[in-house]
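**Student:**
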Amino acid sequence: MAAIKAWIAALLLLAGLICQPSRAQEAAGTKAVETTEADAPSMVVINGTRSPELQPYRYMLSGLDAFDDYHALAPAATEVRFRLRGKGKAPADVLDGAVVRLSGKQTDITLPLAADGRFILPRDEAAQDDNADVVVNRKKSYIGWSPEVRSAGVPDGMRRLGDIRLECRVMVGVAKNYIPFMLRAMINTLTLTTDWCGYKDFNLSVRGDRAITSATLVEGERRLELKVDDDGKSYSVPIGDKSYSNDALIELQ
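What follows is the structure in C-alpha cells.
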C-alpha cells in the first residue's frame, strides 16, 4: 500500500510540472499532443530571443475553466492571476523588461505585467481560434509560472487553504493537457477521482512571496507545523486533508 501511495504521489507531482512542461512530457515517455505539419507551432522570435517561454493559449484556458468550475473553494476571490518567476540559473533581474504576449498568425496582444511578475490572462475568442500562444520574451530555461488565487480579507502573512486548493485545480487543469490520455486514466483509477487535487494524500509545494522560516496550518485550536524546504522558498500543504476546511489559514513567518 505504501508503494502504491508513493507512486500515486509521483504521478500527481508529474501533473504539477507545468512550470516545466517539457520535463512532464519526458517523464510521461511520449508527447501529450500529436500535431501535424499544418498545425505545428512555428519558431517564435521575440525581441531577439529564440526559444522563448510559451504555453499554448488553449491549454492556459483550461486553467481559467478550472477556476470557474471550482470557484466555490474561494468564493471571495474574483480572479486567478498568473505569476512569472525566475528558475534554475536565471539571472536575478530576469523579469526586468519581460513582456508577455498572446501571439499567433493573426494575434499580437501585449498583456500588462506587474513588476512582481503577475499578469491576468483574458479570454479572447479570436486568439483561441488563431491557436495563439502565451509567450514571454525570455528563454524557456529561465522562466516558470504558477497560478495565484487570493481571497479578499486574508491577513498579511497568511494564506487561505481554499485559495491554495483552487490554485492546484488551475495548475492541474493546465497540466492535464501535457499528460497522455492513458496516464490520466491510470491516475483517475488509482485515486478514484478525476479531481486529483482532492486526493487524500496530496501535499502541494507552495512558493512563498519571501523567505520562510516556518509555516503553520491553523484552524480553531488546531495547529499543524508544515514542512518548509531547506532553501526557505516553499512549504508543503496537505490540500487533500479534508479535516481542514477551506477557511483554514496558513501562518507564515
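Read in order, the letters of the sequence shown are residues -24 to -1, 1 to 229 in mature numbering (1 follows the signal peptide of the UniProt record, and there is no 0).
Heads up, the beta-carbon is just placed ideally off N, CA and C, and yes, glycines get one too.
#1: Looking at chain D, is there any beta carbon in it that lies within less than 8 Å of the beta carbon of K65?
#2: Using C-beta distances below 8 Å, list every residue in its chain close to D109, excluding the 5 sequence neighbours before and after it, in chain order.
#3: If you pair each beta-carbon of the region 92 to 107 with each one of the region 41 to 48, do three or more pairs fall below 8 Å?
#4: First and last residue of the beta strand (DSSP E) that includes V112?
#5: Below 7 Å CB to CB, which residues in the same chain sit around G129 once its five sequence neighbours on both sides are set aside?
#6: Reducing DSSP to helix, strand and coil, say where F95 ends up.
#7: Along the chain, where does the alpha helix (DSSP H) that runs through L40 open and close?
#8: Could you name each continuous beta strand (DSSP E) segment of 3 residues or more that falls completely within the region 171 to 220, going from the start of the chain to the end?
#9: In the DSSP assignment, find the alpha helix (DSSP H) that holds G120 and state where it starts and stops.
#10: Just the C-alpha distance for M134 and S117, rounded to the nearest angstrom, thanks.
#11: When DSSP builds the beta bridges, which residues end up paired with I85?
#12: Ends of the beta strand (DSSP E) at E227?
**Tutor:** On the basis of the data shown:
#1: The displayed structure is made up of one protein chain only, and chain D is not part of it.
#2: Sequence index remark: in the sequence shown, residue 109 carries index 133 (1-based). Here the set comprises P17, V20, L30, Q31, P32, Y33, L78, S79 and G80.
#3: The region 92 to 107 makes no contact with the region 41 to 48, as fewer than three CB pairs between them are under 8 Å.
#4: Working through the sequence shown from its first residue, we reach residue 112 at position 136. Its beta strand (DSSP E) spans residues D109 to K115.
#5: Mapped onto the sequence shown, residue 129 falls at position 153. Around G129: A52.
#6: Within the sequence shown, residue 95 is the residue found at index 119, counting from 1. Reduced to three states, the DSSP call for F95 is strand.
#7: For this step, residue 40 is matched to residue 64 along the sequence shown. First-last of the alpha helix (DSSP H) with L40: Y33 to D45.
#8: For the region 171 to 220, whole beta strand (DSSP E) runs of length 3 or above, ordered along the chain, are 180 to 183, 191 to 195, 198 to 202 and 210 to 213.
#9: Position 144 of the sequence shown, counted from the start, is the residue given in the question as residue 120. According to the DSSP assignment, G120 belongs to no alpha helix (DSSP H) but to the beta strand (DSSP E) extending over I119 to V125.
#10: Mapped onto the sequence shown, residue 134 falls at position 158. Mapped onto the sequence shown, residue 117 falls at position 141. Computed Cα separation, rounded: 31 Å.
#11: Taking the first residue of the sequence shown as position 1, residue 85 is located at position 109. BP columns for I85 point to L78.
#12: Counted from its first residue, the sequence shown places residue 227 at position 251. Taken as a continuous stretch (DSSP letters only), the beta strand (DSSP E) holding E227 covers L225 to L228.
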